[in-house]
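Here is the structure we will look at, set down as structure tokens.
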């Protein structure tokens, strides 16, 4: 009862007196997640990764001794709620950093974070967020306060095309390989489209007309028949995982013989478990190491995971690990800011520019190296390419045991460092 | 629907002018003006969070009134309102970016563009009604939404379009405090226009079409003309609301204008009260504030001892979402005529106190 009264009084006073209570020793951070909305399949592991990582930092010395006071808000992928919460954070909580989520909230907030000078780290890796000063050929206005950790959607598709070209040569394929771009007509799948098609042409692919399939899962046998008739060798899947599950199943039924390649949000352990052998052999973009890899930083990731799972039995998806990485980059940028003029938005932004080929301490081998500069926010250009393997029946068991039994698995088949061509900035 | 039949006993109107007056007493007129004047001080009192909610209420409220003119007053149905909202947003940004038309002019012009789009989509309304019209407008929603993502020249395609802030004589309305006045200005203008529309010949024709289209036609009301006109006016409101939304955010993305938003507009007017100008605003206030109130309730719960129970803390997000749905259902059961009706009941209770009969 005591606690409830005290809590009530505190909560009430927080409405009456906006902006009070933020002590010097706390760093105010907003954490926007999607646990219940349209993108929650991948939003849950990513958001949990961010929360665990921030709790881990608080329990291990904080930012030079200062603790992160972070507030997590589930905006359910609804833009007005994200904006209202953003305004609340800026005016009452006085946040100096926001860990954001997907395409919708990130793009709606670009103008606001620029004006309010709040660095915003998103899980949207859209190419046009990489141009802080508007120097790219097609950029109309820069996004100076937007950061993301991961290969941009465009760079991810370029890496896959590089891999496909090499694969074609290795297999001794004759003539021009045929490439097809598949996705919904929607901002997220469309983001890498132009980059992907022009790069495929550049590397000598024959580019076939796009095949459209919806972001929401459904029966895609018609699309798979089109794909089969087109004679494509490589097909890029631009949608998210739910839709991938459907199309892989449909195409397996129809009997399509094509090498599928998927974007970063379109494939993972969940797709392998749900699609079973239909999902075997898909090649996709990874932004970080996978759970349980034998790399030095995995110990830290395990300790982070123990924050919400003390038994350390849970399996963490690839998206979880990218969430952890994005928080650790924020941590070190904040540490620099703290030592160089104080924890303000512009200083933390400056903190991102301080290092080249940067891997946060404790994350070696987990997060690929990243470099941000004042003119170029293409932080991560080193793309890991993995291939999924499904060897048997996946029904009726969970991801952790499927991985342990080796029914599903993934192996690195290559990596490529995408050059920072000036004409690719912001695309 | 509400209003005239709620007149107290002894209040006889002897002229048409008195019958169609907006403010029935001097006191009501005074308080309306005072409320608007009071609103001018809001940016000095409240912080960004509250301002943002009020700005949301303003641009959504304008669009909701448009839909109420179509659904509540003319008795048509539209599932494509959010697409028109989007047309306004993109058109305003486009005219400003490509043709250099100042934003404060681009906003009403975007309303006119949307009117044209709405009248085209509304053409089937001349021939079909009810569920069939609902599906026809749904088709409009899908076609326009697809157009948004394909027409890169107009919307910027996947990258979206930038929208500059409103500038009047070099003064930039780029902060929430400043934009609030723009939003308030349009809200007042559009609601005054909406109220007056219902006092005109055209407004009465809309109501006649809604109440009994056969009788209306026999009386000389051109059904096709008024149905399409209603679509046009409704779209004008959506367009202005959408343009305000665009210039407030500074950025328009194709993603914002989906079917769900259309449904939300419908729920705003159903909760507020079909066929009521003030109902559109009340419904918008309800729909915008409900998630915030729930969020606050949930955070309050988390600070109490209940917040220590894992099942509750983990389920809080779901409790919040479910209670929003529940609130809407309860509303429809206990107040099917909407908030506007409830408001007039409260008013008459006090007016007639203690001898209500």
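Protein chains in written order, with my numbering: chain A, 69 to 495; chain B, 106 to 462. Quick reminder that beta carbons are idealized off the backbone N, C-alpha and C, glycines included. All figures in this text were calculated on a predicted structure; none of them were measured in a lab.
Asked: Following the continuous beta strand (DSSP E) through residue 142 of chain A, name the residue where it begins and the one where it ends.; Found: 135 to 142
Asked: Would you kindly check if the distance between the Cβ of residue 159 of chain A and the Cβ of residue 173 of chain A is under 9 Å?; Found: no
Asked: Suppose only complete runs of 3+ residues qualify. What are the beta strand (DSSP E) ranges in the region 154 to 229 of chain A, listed by chain order?; Found: 165 to 167, 188 to 190 and 214 to 216
Asked: Buried or exposed for residue 73 of chain A, please, with buried defined as at least 16 other CB atoms from any protein chain shown within 10 angstroms of its CB.; Found: Residue placement at residue 73 of chain A is flagged as unreliable, the pLDDT there being 46, under the threshold of 50; a coordinate-derived value is accordingly withheld.
Asked: Shorter than 9 Å from the beta carbon of residue 172 of chain A to some beta carbon of chain B?; Found: yes
Asked: How would you label residue 455 of chain B, buried or exposed, when you count the other beta carbons within 10 angstroms and need 16 or more for buried?; Found: exposed
Asked: Which of the three DSSP states is assigned to residue 101 of chain A in this structure?; Found: strand
Asked: Any beta-carbon of chain B closer than 9 Å to the one on residue 118 of chain A?; Found: no
Asked: Nearest to residue 324 of chain A by CA position, among A:98, A:153, A:350 and A:292, is which residue?; Found: A:292
Asked: Taking buried to mean at least 16 other C-beta atoms within 10 Å of its own C-beta, is residue 89 of chain A buried or exposed?; Found: Here the model assigns residue 89 of chain A a pLDDT of 42, short of 50, so the residue's position is not dependable, and the following value carries that caveat. Exposed: under 16 other Cβ atoms inside 10 Å.
Asked: Starting from the Cα of residue 396 of chain B, find the closest Cα among A:147, A:465, A:112 and A:383 and give me that residue.; Found: A:147
Asked: Nearest chain B C-beta to residue 89 of chain A closer than 9 Å, yes or no?; Found: With a pLDDT of only 42 at residue 89 of chain A, under 50, the local geometry of the prediction cannot be trusted, and the value read off the model is given with reservation. Not closer than 9 Å to any Cβ of chain B, the Cβ of residue 89 of chain A fails to qualify, so no.
Asked: If you compare alpha carbons, which of A:335, A:395 and A:405 is closest to residue 453 of chain A?; Found: A:335
Asked: Please report the residue range of the beta strand (DSSP E) in which residue 251 of chain A lies.; Found: 246 to 251
Asked: Kindly indicate which residue of A:433, A:445, A:434 and A:431 has the alpha-carbon position closest to the one of residue 422 of chain A.; Found: A:445
Asked: Output yes if chain B places a C-beta closer than 9 Å to the C-beta of residue 183 of chain A; else output no.; Found: yes
Asked: Would you tell me roughly how many angstroms separate the C-alpha atoms of residue 480 of chain A and residue 448 of chain A, rounded to the nearest one?; Found: 18 Å
Asked: Which whole-angstrom value is the C-beta distance of residue 296 of chain B and residue 170 of chain B, which I expect to be below 8 Å?; Found: 7 Å
Asked: Checking contacts by CB at 9 Å: is residue 161 of chain B closer than that to chain A?; Found: yes
Asked: Please state the DSSP three-state secondary structure of residue 329 of chain A.; Found: strand
Asked: Report all residues from its chain with a CB closer than 6 Å to the CB of residue 211 of chain A; omit the five preceding and five following residues, and keep chain order.; Found: 178 and 197
Asked: Tell me which residues share the same chain as residue 429 of chain B and place their Cβ nearer than 7 Å to its Cβ, disregarding the 5 neighbours each side in the sequence.; Found: 395, 396 and 399
Asked: Distance check for residue 201 of chain B and residue 425 of chain A, CA to CA, integer angstroms please.; Found: 42 Å
Asked: Can you look up residue 315 of chain B in the DSSP assignment and give me helix, strand or coil?; Found: helix
Asked: Measure from the alpha carbon of residue 195 of chain A to the alpha carbon of each residue in A:263, A:359 and A:136, then state which is nearest.; Found: A:263
Asked: Which residues share a DSSP beta bridge with residue 360 of chain B?; Found: Bridge partners of residue 360 of chain B: none, in fact.
Asked: In chain order, what residues of the same chain have a beta carbon less than 6 Å from the beta carbon of residue 301 of chain A, not counting five sequence neighbours either side?; Found: 245 and 246
Asked: For residue 122 of chain B, decide whether its Cβ has a neighbour in chain A, counting only Cβ atoms nearer than 9 Å.; Found: no
Asked: Specify the secondary structure class of residue 472 of chain A as computed by DSSP and reduced to three states.; Found: helix
Asked: Compare the beta carbon distance of residue 111 of chain A and residue 145 of chain A with 9 Å and say whether it is the shorter of the two.; Found: yes
Asked: Is it buried or exposed for residue 438 of chain A, if we count other Cβ within 10 angstroms and need 16 for buried?; Found: buried
Asked: In the DSSP assignment, the alpha helix (DSSP H) including residue 328 of chain B goes from what residue to what residue?; Found: 328 to 354
Asked: Of all Cβ atoms in chain A, is any one closer than 9 Å to the Cβ of residue 255 of chain B?; Found: yes
Asked: Which residues of the region 142 to 157 of chain B have a Cβ closer than 7 Å to any Cβ of chain A? Give them in chain order.; Found: 152, 153, 154 and 157
Asked: Can you list, in chain order, the residues of its chain with a C-beta nearer than 6 Å to that of residue 126 of chain A? Leave out the 5 residues immediately preceding and following it.; Found: 135 and 136
Asked: Over what stretch of residues does the beta strand (DSSP E) that includes residue 303 of chain A continue unbroken?; Found: 302 to 305
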